[in-house]
Amino acid sequence: MAATFASTILEQPAIASLVFEFQFGVYEDVRPAFRACNELIEFEASRRNYECDASFGQAFAPTTKWYSDLTDPVPSSAFALNKWPRNDRLPLHVAIYLDAIILAFLQSHLEIVEFLLDERENTPELFERVNFENYSGCFVGHSIRRFPGPFLDTLLARKDSKGVTLLQRFGPSPDDFPGPQDLYIDYTPEKVRQVAIEAATLENATLALDLFPWLHYPSLLDDMAGRGFLPLVRSLHERGFKCSTNAMDKAAANGHLEAIEHGHLNVVRFLIEHRTEGASDRSLDHAAGRGHLEVLQYLHSLGSFRWSGSAVEMACARGHLNLVKFLMTNETEDGASYYMFRNAFKYGHLATVKYLLSRGHECVTAKMHWDLSAFRKPKIIKVLQLFLDVDGPRDAKWMKEACATNNVPLTRFLHELAGDRCHRSALGDAIAHEAWDVVHYLMAHSTANVPIEALKQLLSCGQFDIATQILGRQRKFRKDDSPLEWSSTYHYTEATRYLLGAGIGKPRECLVKIAGRRQHVTASKLLLPHCMDAAKYLDNVTFLLDLVALPDRHHKATLHLITSELLNQGRKASQKIQLSPSLTARASTLLEAGEFVDWSLALVIGHN
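Just so you know, we're using this note's numbering here: the sequence shown kicks off at 180 and counts up by one.
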């Protein structure tokens, strides 16, 4: 058929002109997108992913606001393409097939999902699959479609129910949601459904359970009680769903804002009044741990519930001072355990620590393991000072956490306590955590050096002023070639520009590694001028020709990179060398024909 079309249509100019009158190649408005995909994206077969040049976003869609710089490697599955080889469908992603609906779902573009579902009536291809792969990496045939990992969780957690409604129109089956494909997480189908429902809003959980009966699982009522979804608990109870003592435990324990809004206390009362399963001895402990004073008081008033010593310990860990007071006031055995003080200090609850001390309890401070959340609290300095006042040992982790949380007052407090001798790595830690306020403080008050990785972090974040200060302090970094190789390889365009301007690194070695690779077009253009010697024109020509000869490179990309510079350096070199008349004539012919590579070779051969 193709041969017939070519012979009867394309080989007859009169008829062919009528065909081409309607369309010449690719539509003009999408040509930049196709060109960008062809020239600025490399398919890495060994890793089976696509990698973009830094300029790809602007070239592909100049008016689009991209959510990232697009330079991180993207697996084929993210574009709904099979893993290898390079797929020419990339510019269109998945065109108009069912794969496009799945991809739009996965990217939360529900407006596109709705549009494509509306178009199904007129476009039967939207019911067909082409080459989408499942999350585990195995090819999925036309009859199976699967959504990866946490998709269902994310959809049900949305603040509106539009996603659930569209999913019902799409027509999913239980097999579409295999859950995370992880060696360390073995999710059964029931667990996948449970995790999704536990993440859902009340509206989405109610709607999804009505639309998709296969979402039901044995402990559903327990989990809805734990979320505080009283209307759904009532509904499931009326439909005969079973529950266990876990329902009461979870209702007493969980305390998310949404659940509080729907009323855990009401759920607890409902379960006690309408169910016979009862509750375990952990109910009061759970309520104490989550700060539900009203639930605790209600269960305590019934007279049949008691709490264990861990209830006070959990309340101390969460900083629920009113609960701590209630529990210790109503405790039959007065006393404060080591874990009460440890938990209150560990999580930075100053008022709780002071209350425990006010009761005359002995404070044990050995073997303290501080939690990161403590260092985000505004009174952490007072907590640490109190800890030191009761003879607690100073911990090197304090400064690390001060750096991690960008806490300048805490950094100042600790630096004044111990100085550089105890915190040699503080500046490097602050840079690693991008804690720029702390970095500025330490640059002014600390003389400690940082590793080369800290300099790279500064460059990757565009902190060039601080990088300049570091280079002034640690001049050995100016002789280190690794930063330029790193920045040019991993698309840190501004860092590459900065290093080249500072004369750091070996541009030629870097360019040899990336020239002719489509994901490195921008970096190659930056490096090229710095590879040219100001006086050795013929040497420059030879270097450029060596780039052309590099194996496993995109020849067209290399030529596009070097042609202008090759012509410039070749003309300068031709003024310095004398060729034989015959070679001069041949070189002129090649130059006039635009054969710049062969012309340059003629210059090199003639000189040799």
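Even glycine gets a Cβ: it sits at the ideal position worked out from N, Cα and C.
(message) If you reduce the DSSP assignment to three classes, tell me which class Cys231 lands in.
(response) strand
(request) Report yes if the CB atom of Thr531 is closer than 8 Å to the CB atom of Gly571, and no otherwise. (result) no
(message) Closest to Lys558 by C-alpha separation, out of Arg372, Phe722, Gly785 and Pro588, would be which residue?
(response) Pro588
(message) Can you list, in chain order, the residues of its chain with a C-beta nearer than 7 Å to that of Gly342? Leave out the 5 residues immediately preceding and following it.
(response) Leu289 and Leu334
(message) Quick check: Ala496 and Ala467, are their CB atoms within less than 8 Å of each other?
(response) no
(request) State the Cα-Cα distance for the pair Ser141 and Pro686, rounded to the nearest angstrom. (result) Because residue 141 is not part of the residues shown, which for the chain are 180 to 787, the question remains open.
(message) Measuring straight from C-alpha to C-alpha, what distance separates Ala215 and Phe239?
(response) 5 Å
(request) Could you check what DSSP says for Ile220 in three-state terms: helix, strand or coil? (result) strand
(request) Look at the alpha carbon of Leu305 and the alpha carbon of Pro397, and state the distance between them as a whole number of angstroms. (result) 36 Å
(request) May I have the straight-line CA-CA distance separating Ser552 from Tyr526, to the nearest angstrom? (result) 6 Å
(message) So for Pro254, helix, strand or coil by DSSP?
(response) strand
(message) Going residue by residue through the stretch 723-784, where are the continuous alpha helix (DSSP H) segments of at least 4 residues, counting only ones entirely within it?
(response) 734-753 and 760-771
(request) Could you check which residue in Arg227, Ser625, Ser753 and Thr737 has the C-alpha nearest to that of Ser604? (result) Ser625
(message) Taking the alpha-carbon of Phe520 as reference, which of Thr544, Ala736 and Ile645 has the nearest alpha-carbon?
(response) Thr544
(message) If you reduce the DSSP assignment to three classes, tell me which class Ile148 lands in.
(response) Given a span of 180 to 787 for the chain in the structure shown, any question on residue 148 remains unanswerable.
(request) For Phe356, count neighbouring Cβ atoms within 10 angstroms of its own Cβ and tell me buried if that reaches 16, exposed if not. (result) buried
(message) Between Phe656, Arg657 and Leu634, which has its C-alpha nearest Ala646's C-alpha?
(response) Leu634
(message) Does Arg591 come out as helix, strand or coil in the three-state DSSP assignment?
(response) helix
(request) Verify whether the separation of the beta carbon atoms of Leu621 and Ala611 is less than 8 Å. (result) no
(request) Measure the CB-CB distance between Val720 and Gly695 and report whether it falls below 8 Å. (result) no
(request) May I ask which residues mark the beginning and end of the alpha helix (DSSP H) holding Gln636? (result) Ile631 to Ser639
(request) Give the single residue among Val783, Glu613 and Phe326 whose Cα lies nearest to the Cα of Asp354. (result) Phe326
(request) Return helix, strand or coil for Ser552, following the three-state DSSP convention. (result) helix
(request) Given a cut-off of 8 Å, decide if Ala736 and Val783 are closer than it, judged by their beta-carbon atoms. (result) no
(message) So within the stretch 693-719, which uninterrupted alpha helix (DSSP H) runs reach at least 4 residues, ignoring any that extend past its ends?
(response) 700-706
(message) Assuming contact is defined by CB atoms lying nearer than 8 Å, are His602 and Met578 in contact in what I supplied?
(response) yes
(request) Using three-state DSSP, classify Leu249 as helix, strand or coil. (result) coil
(request) Could you check what DSSP says for Met403 in three-state terms: helix, strand or coil? (result) helix
(message) Can you list, in chain order, the residues of its chain with a C-beta nearer than 7 Å to that of Asp725? Leave out the 5 residues immediately preceding and following it.
(response) none
(request) Taking 8 Å as the cut-off, decide whether the C-beta atoms of Val562 and Thr590 are in contact. (result) no
(request) Pull up the distance between the alpha-carbon of Arg652 and that of Val629, whole angstroms please. (result) 10 Å
(request) Tell me whether the beta-carbon of Leu663 lies closer than 8 Å to the beta-carbon of Thr675. (result) yes
(request) Provide the residue span of the alpha helix (DSSP H) that contains Ser666, from first to last. (result) Ser661 to Thr668
(message) Cutting at 8 Å between CB atoms, please list the residues of its own chain near His733, excluding the five before and the five after it.
(response) Glu221, Gly695, Arg696 and Arg697
(request) Assign Ser489 to one of three DSSP states: helix, strand, or coil. (result) helix
(message) Can you find the residues in the same chain that come closer than 6 Å, C-beta to C-beta, to Gly785, ignoring five residues on each side of it along the sequence?
(response) Leu758 and Leu762
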